[in-house]
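Written below as structure tokens is the structure these notes are about.
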Amino acid sequence: MESTQTAGGISGNVLFYVSPEPLNREQHAKLALVHNEKPYSFASTGTAVPLTVTEFAPAALSFPVIFAGEDRVPLAVMGLNNGENLFVNADGSIDPGVYIPAYIRRYPFVLANDEGQDRLIVCIDKGSSLLSETGETKLFDEKGEPTEYTQNCIKFCDDFEAERRRTDSFVQLLKDNDLFELKTATFTPTDAAGNAGEPQTVAEYYGVSEEKLNALPVEKLRELQTNGALAQIYAHLVSLVGWDRLIAVAMARQAATAGVVIN
Numbered sequence: 023m024e025s026t027q028t029a030g031g032i033s034g035n036v037l038f039y040v041s042p043e044p045l046n047r048e049q050h051a052k053l054a055l056v057h058n059e060k061p062y063s064f065a066s067t068g069t070a071v072p073l074t075v076t077e078f079a080p081a082a083l084s085f086p087v088i089f090a091g092e093d094r095v096p097l098a099v100m101g102l103n104n105g106e107n108l109f110v111n112a113d114g115s116i117d118p119g120v121y122i123p124a125y126i127r128r129y130p131f132v133l134a135n136d137e138g139q140d141r142l143i144v145c146i147d148k149g150s151s152l153l154s155e156t157g158e159t160k161l162f163d164e165k166g167e168p169t170e171y172t173q174n175c176i177k178f179c180d181d182f183e184a185e186r187r188r189t190d191s192f193v194q195l196l197k198d199n200d201l202f203e204l205k206t207a208t209f210t211p212t213d214a215a216g217n218a219g220e221p222q223t224v225a226e227y228y229g230v231s232e233e234k235l236n237a238l239p240v241e242k243l244r245e246l247q248t249n250g251a252l253a254q255i256y257a258h259l260v261s262l263v264g265w266d267r268l269i270a271v272a273m274a275r276q277a278a279t280a281g282v283v284i285n
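Read in order, the letters of the sequence shown are residues 23 to 285 in my numbering.
Structure below.
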């Protein structure tokens, strides 16, 4: 899981979470959700955000879906530079039509491991600007019971955890079939006259090898199709076209900052 509970509270780093701590009816009795039409400022520096496998298709319409690290963690690439998100703005707004990963939508709630009792516990980010004693939607009612809002958030976290485990199984399936390869995203700049320059590497990442996929036995392909894995693999492959969009958005932002108009 993403973080663990120790005697002193929560340890470990979780993307976006500043001060995660176990949800407690005594400590957090007065806390409430702050209603904000632009609630996503916390994600404005999220360059790559974890995805679950069932999100591949909708995410593919917005950005590249890649795999990273030894664990081949699925990520939605939302920026080209560290600390940059090209779709979530600093004011917390998000560009129209952009898919919002569940990892972002569950914030400021999260599940964490309680290693002492081998269970998952519900936590909140106490440092979130979305939580305040002057907020509008209470976390607990007058009896100290979780409100409907809190219950829904906990269910969302439970569902996310179930999808995360499903994702682990999906990634293991790809590993077992040796389908990963190291890929590169490149960009070919052009000068004012439209002449192409030298291709530049934008990113290196892991992805599914189409060559390895096509070389699988028919029986194995049928198995991947039957269990739904093949559709998710193709969603990932289609999403890689999104590198071009990502580069175009980055160039447009850069040009706007410099006061240049791109035709």
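Note that beta-carbon positions come from the ideal geometry of N, C-alpha and C, so glycine has one too.
In terms of DSSP beta bridges, what is residue 154 paired with?
Residue 154 pairs with 54.
Excluding the five sequence neighbours on either side, which residues of its own chain have a C-beta within less than 6 Å of the C-beta of residue 80, listed in chain order?
The residues are 121.
Can you tell me which of the three DSSP states residue 74 falls into?
Three-state result, residue 74: coil.
Which class does residue 174 belong to by DSSP, given the choice of helix, strand or coil?
Three-state DSSP puts residue 174 in a helix.
By how many angstroms is the C-alpha of residue 246 removed from the C-alpha of residue 113?
Straight-line Cα distance between these residues: approximately 42 Å.
Can you tell me whether DSSP reads residue 111 as helix, strand or coil?
Three-state result, residue 111: coil.
What does a CB cutoff of less than 6 Å around residue 124 pick up in its chain, not counting 5 residues either side in sequence?
The answer, listed in chain order, is 182.
Alpha carbon to alpha carbon, how far is residue 237 from residue 68? Give it in angstroms, no decimals.
Residue 68 and residue 237: Cα-Cα distance of roughly 36 Å.
With a CB to CB cut of under 6 Å and the five nearest residues on each side skipped, what residues in its chain are close to residue 206?
For residue 206, where only same-chain residues beyond five positions count, the Cβ hits under 6 Å are 223, 226.
Let me confirm a value: residue 30 is counted as buried when at least 16 other C-beta atoms fall within 10 Å, else exposed. Which label applies?
Since pLDDT at residue 30 reaches only 35, below the 50 mark, its modelled position is unreliable, and no value is offered.
Verify whether the separation of the beta carbon atoms of residue 148 and residue 54 is less than 8 Å.
In this structure, residue 148 sits away from residue 54, with a CB-CB distance that is not shorter than 8 Å.
Buried or exposed, going by whether 16 or more other CB atoms sit within 10 Å of the CB of residue 164?
Sixteen is the threshold: since fewer than 16 other Cβ atoms of the shown chains lie within 10 Å of the Cβ of residue 164, the residue is exposed.
Please give the ranges of any beta strand (DSSP E) in the stretch 209-235, keeping only runs that are unbroken, at least 3 residues long and fully inside the region.
Unbroken beta strand (DSSP E) runs of no fewer than 3 residues, entirely contained in the stretch 209-235, are found at 222-230, following chain order.
To the nearest angstrom, how far is the alpha carbon of residue 16 from that of residue 45?
Examination of residue 16 is not possible in this model, given that the chain is present from 23 through 285 alone.
Beta-carbon separation (whole angstroms), residue 110 vs residue 96, contact threshold 8 Å:
At roughly 19 Å, the Cβ-Cβ gap does not stay under 8 Å, so residue 110 and residue 96 are not in contact.
Quick check on the burial criterion: 16 or more other C-beta atoms within 10 angstroms. Buried or exposed for residue 239?
Residue 239 comes out exposed.
Determine the extent of the beta strand (DSSP E) in which residue 143 is found, giving its start and end residues.
Looking at the DSSP string, the run of the beta strand (DSSP E) that includes residue 143 is 141-147.
By DSSP's criteria, residue 183 is part of a beta bridge. Which residues make up the other side?
Beta-bridge pairing links residue 183 to no other residue.
In terms of alpha-carbon separation, which member of 271, 57, 77 lies closest to residue 185?
Among 271, 57, 77, the Cα nearest to that of residue 185 belongs to 77.
Which of helix, strand or coil DSSP assigns to residue 67:
Of the three classes helix, strand and coil, the one that applies to residue 67 here is coil, per DSSP.
Residues in its own chain within less than 6 Å of residue 219 by CB, not counting five upstream and five downstream?
Cβ within range, chain order: 211.
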